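The listed protein sequences correspond, in order, to chains E and F.
Here the first sequence is numbered in my numbering, starting from 967 and rising by one per residue.
Here the second sequence is numbered in my numbering, starting from 967 and rising by one per residue.
There are 2 protein chains.
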Amino acid sequence: MNDIAHVTPTFEDVLAAAARIAPHAHATPVLRSRTLDALAGCELHLKAEHLQRAGAFKFRGACNAIWSLDEATAARGVVTHSSGNHGAALALAARTRGVACHVVVPEGAVAAKLAAIEAYGATLHRCAATIAARETRTAELQAQLGAELVHPYTDPRVIAGQGTAALELLCTPERFDAIVVPVGGGGLASGTALSVAARSPGTRLYLAEPAGAAETFASLAKGERVTGFTPDTVCDGLRGTLGEINFRMLRDHGAQVLTVEDADTVAAMRLFWQRTKQIVEPSSAVALAAVLKHGPLFAGQRVGVVLSGGNVDPDALPALFARA
Amino acid sequence: MNDIAHVTPTFEDVLAAAARIAPHAHATPVLRSRTLDALAGCELHLKAEHLQRAGAFKFRGACNAIWSLDEATAARGVVTHSSGNHGAALALAARTRGVACHVVVPEGAVAAKLAAIEAYGATLHRCAATIAARETRTAELQAQLGAELVHPYTDPRVIAGQGTAALELLCTPERFDAIVVPVGGGGLASGTALSVAARSPGTRLYLAEPAGAAETFASLAKGERVTGFTPDTVCDGLRGTLGEINFRMLRDHGAQVLTVEDADTVAAMRLFWQRTKQIVEPSSAVALAAVLKHGPLFAGQRVGVVLSGGNVDPDALPALFARA
């Protein structure tokens, strides 16, 4: 375990991350829609991270981690366990620096996602579909290759990188009443908290969480991290366990959680598609759904929403839409 | 029948249209994708008309027609027959000026599309699902209300308006080797020909046409307008009959037609979705598919593609993707 994993990142780290990733990551546009504003009863500013490289905000954190490595560490490569957006993001980020990237993936992972990770040049390492097998294989690769672990959401370099999305949003001339981001493991949420606290402390931070995976809601309500949930949600990017460091940062910030039913998330995804011709994945649409379902909280206000990613398999869509 | 229907528009009309619609229409972005460039073997500049108001380039022509009306004509309103993108575009354009809009729609038209037209404030007039019934009802409304007919693609004001999309593309610093646009009735195609001829005469103009509705291909090959086809294509926006004025303009320009099978169009739509998170309708994707299928024509060149619209019904998608 590397020491950095125990350091809580600060807003200075977010600023450093912004400078570090600028040559590689997109400064994504902020989308507006008259129709959505009318439906939501507020002024929505939608940070389009589905247009980020590799299709999700995850590239920010991964890129910051990769370009934070000293030369000797970089030469030994990085490793992570994720068959989703973080795996692809780390693979692409590693390629921007010519760093070897190893991704531990469980048996049964979606073939298309594995192909995407490989297409970005990473090496796949298959293991059994249990957390234990995954962690064992990852530890082996760390020991064997000296590869640096880049955890999807507890790594402070990742958290600082994810904070750059909200930083860009808050650098626009608008003064936001509220910012809404999805929460799963908590990397984006805790990074966003850093940027909000430093740049716009009067802005309320809301975390949109699937009702079928509401451990952040439970944890913040209880004042201690609650784990052991079995997630049941179409938001495949939000099924991870809230990290300890992420929990502490969100608790200390005073973030509030809005839970959202899957049917509302899918309806928001459809609506967004029809009105803006943009594909966002359910794990992004949950944030828009939260605003639409909790109208009175936002009435007449200026609201920033981070649309976290757009990686949807076209073939999975009919089943998804059947949920709405 | 109004006299204007017999006047062939010029590039001056396109310039006038650009000024006229500027306060109302979006100057849509031009999208780039490293991945698509690599797949196509050329440099693609994608004019994103799916992000135009009402979701298609049709708003340009409709808006130019509406704002070209003199006060007296405007006071009597406009009429058209289209249950598709032109109907919605004319309804929205009419609303920007407070002009009454009447849309004749056949029995059996898609309910969601009619709802969209009504939501923009137009009055629907239902008729039997034949061309004769449609034309009769339209003529009645012209006579009864004194409403001005705005034909979807033969109206010179509409053609001039559609030409503004290519005008914007050609106002970027890039020098294009080729421009590719979809062709159905020929409004966009003939408007584009005006802009290309005036602004970049060395740029080749290609028209992408579904193989199952290839009357423009047949007409230009024969040197006279061939009609009477029964269209069979998923490109619902390209099933109309090539207009006489549009045929003449395209013939005189020397435009070339590339026919595309529906399976290739749907595959291009999927690819574009996955790589850019943008939804374009099949009638747009046909142009991208034409470039991908005719690689040698464009190898190493700078190619402009007008992505004409993005109005896809999510529920229709599974059947659509089953065609690829």
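Even glycine gets a Cβ: it sits at the ideal position worked out from N, Cα and C.
Quick caveat, the model's predicted, so the values are computed rather than measured.
R1092 of chain E - DSSP class collapsed to helix/strand/coil
Looking at R1092 of chain E - three-state DSSP - the assignment turns out to be strand.
Residues in its own chain within less than 7 Å of V980 of chain F by CB, not counting five upstream and five downstream?
By the criterion of a C-beta distance shorter than 7 Å, V980 of chain F is surrounded in its chain by A1126, G1129, T1130, L1133, G1157, L1160 and S1161, once the five residues flanking it on both sides are discounted.
Would you mind giving the Cβ-Cβ distance between T1242 of chain E and S999 of chain E, rounded to the nearest angstrom? I have them listed as a contact below 8 Å.
6 Å between Cβ atoms; contact.
Any residues in the segment 1005-1024 of chain F with a beta carbon nearer than 7 Å to a beta carbon of chain E? Which ones, in chain order?
Contact residues of the segment 1005-1024 of chain F toward chain E are H1016, L1017 and G1021 (C-beta to C-beta distance below 7 Å).
Straight-line gap, R1123 of chain E to P975 of chain E (C-alpha atoms, nearest Å):
In this structure, the alpha-carbon of R1123 of chain E lies about 7 Å from that of P975 of chain E.
Do H1011 of chain F and G1270 of chain F have their CB atoms nearer than 9 Å?
A Cβ-Cβ contact shorter than 9 Å links H1011 of chain F with G1270 of chain F.
For S1249 of chain F, collect the residues of the same chain with a Cβ closer than 8 Å to its Cβ; drop the 5 residues on either side in sequence, then sort them by chain order.
Shown here for S1249 of chain F: same chain residues with a beta carbon closer than 8 Å to its own, the five before and five after excluded, namely P1148, G1150, C1201, D1202, G1203, L1204, S1274 and G1275 in chain order.
Please confirm if the segment 1182-1195 of chain F is in contact with the segment 1098-1105 of chain F, defined as three or more CB-CB distances below 8 Å between the two stretches.
The segment 1182-1195 of chain F, when compared against the segment 1098-1105 of chain F, does not touch it at the 8 Å Cβ threshold.
Assuming L1035 of chain E and E1114 of chain E form a contact by the criterion Cβ under 8 Å, report the distance between their Cβ atoms to the nearest whole angstrom.
Right, the Cβ-Cβ distance comes to about 6 Å (below 8 Å), so this counts as a contact.
Are A1221 of chain F and Y1172 of chain F touching if we call contact CB-CB under 9 Å?
Yes, the pair counts as a contact, with Cβ atoms nearer than the cut-off.
With a Cβ-Cβ cutoff of 9 Å, do V1116 of chain F and I1032 of chain F count as a contact?
Yes.
Looking only at C-alpha atoms, which of E:G1043, E:S1049 and E:A1265 sits nearest to L1002 of chain E?
Nearest option by C-alpha distance: E:A1265.
Quick one, which residues of the segment 1202-1220 of chain E are near chain F if we go by CB-CB under 9 Å, in chain order?
The segment 1202-1220 of chain E vs chain F, Cβ under 9 Å: nothing.
Could you tell me which of E:A1187, E:L1058, E:A1288 and E:E1009 sits nearest to E1140 of chain E, measuring between CA atoms?
Measuring from the Cα of E1140 of chain E, the nearest candidate turns out to be E:E1009.
Verify the CB distance criterion: does D960 of chain F have a CB-CB separation below 9 Å to chain E?
Because chain F is modelled from 967 through 1290, residue 960 of chain F falls outside the range shown and cannot be assessed.
Which residues does DSSP pair with P1148 of chain F in a beta bridge?
Per DSSP, F:A1174.
Would T974 of chain F count as contacting chain E if we go by Cβ distances under 9 Å?
Residue-level contact by beta carbon fails for T974 of chain F and chain E, as no gap is shorter than 9 Å.
Can you tell me which of F:A1187, F:P1072, F:A1059 and F:L1216 puts its alpha carbon nearest to the alpha carbon of Y1086 of chain F?
Comparing Cα-Cα distances from Y1086 of chain F to each of F:A1187, F:P1072, F:A1059 and F:L1216, the minimum goes to F:A1059.
Can you give me the C-alpha to C-alpha distance between M967 of chain E and A1066 of chain E, rounded to a whole angstrom?
Confidence at M967 of chain E is low in this model, with a pLDDT of 39, below 50, so the placement of that residue is unreliable and no value is reported for it.
If A983 of chain E sits next to V996 of chain E, beta carbons under 8 Å apart, how far is it from one beta carbon to the other, in whole angstroms?
A983 of chain E to V996 of chain E, Cβ: 19 Å. No contact.
Does P995 of chain F come out as helix, strand or coil in the three-state DSSP assignment?
Of the three classes helix, strand and coil, the one that applies to P995 of chain F here is coil, per DSSP.
With V1069 of chain E and L1154 of chain E assumed to form a contact (beta carbons below 8 Å), what rounded beta-carbon distance in angstroms separates them?
For a cut-off of 8 Å, the C-beta gap from V1069 of chain E to L1154 of chain E is around 20 Å, too long to register as a contact.
Going straight from the alpha carbon of H1177 of chain F to that of L1090 of chain F, what length do you get?
In the sequence on display, residue 1177 of chain F carries Ala and not His. Our two residues, A1177 of chain F and L1090 of chain F, have alpha carbons roughly 33 Å apart in a direct line.
Hey, is P1248 of chain F close to the ligand NAP, as in C-beta under 8 Å from one of its heavy atoms?
As presented, the structure is devoid of all ligands, the ligand NAP included, so that no description of it is given.
Judging by CA-CA distance, which residue of F:V973, F:N1030 and F:V1278 is the nearest neighbour of R986 of chain F?
It is F:N1030 whose Cα lies nearest to the Cα of R986 of chain F.
Rounding to the nearest angstrom, what Cα-Cα distance links G1021 of chain E and E1084 of chain F in this structure?
Take the alpha-carbon of G1021 of chain E and the one of E1084 of chain F: they are about 36 Å apart.
Contact list for the segment 1249-1279 of chain E against chain F, Cβ threshold 7 Å:
G1276: these are the residues of the segment 1249-1279 of chain E whose beta carbon lies less than 7 Å from some beta carbon of chain F, given in chain order.
Quick check on P989 of chain F - is its C-beta less than 9 Å from some C-beta in chain E?
Judged by the 9 Å Cβ criterion, P989 of chain F is not in contact with chain E.
Whose Cβ in chain E lies nearer than 7 Å to the Cβ of Q1222 of chain F?
Going along chain E, no residue has its Cβ under 7 Å from Q1222 of chain F, so there is no contact; the nearest lies around 29 Å.
Put K925 of chain E into one of helix, strand or coil per three-state DSSP.
Absent from the model: residue 925 of chain E. The displayed extent of chain E is 967 to 1290, so no value can be given.
Residue-level contact to chain F via CB, T1242 of chain E, 9 Å cutoff
So, interface residue.
Have a look at F:A1251, F:D1198 and F:A1163 and flag the residue whose alpha-carbon is nearest the alpha-carbon of A943 of chain F.
Since the displayed chain F opens at 967 and closes at 1290, residue 943 of chain F lies outside it and no answer follows.
Inter-residue spacing [alpha-carbon to alpha-carbon] between A1144 of chain E and S1166 of chain F:
Rounded to whole angstroms, the gap between the alpha carbons of A1144 of chain E and S1166 of chain F is 48 Å.
Alpha helix (DSSP H) segment containing A1234 of chain F, residue limits
It spans D1228 to T1242 - the alpha helix (DSSP H) in which A1234 of chain F sits, taken as one unbroken run.
Closer than 8 Å by beta-carbon distance: list the chain F residues that pair up with I1245 of chain E, in chain order.
Chain F residues near I1245 of chain E: W1239, K1243, Q1244 and I1245.
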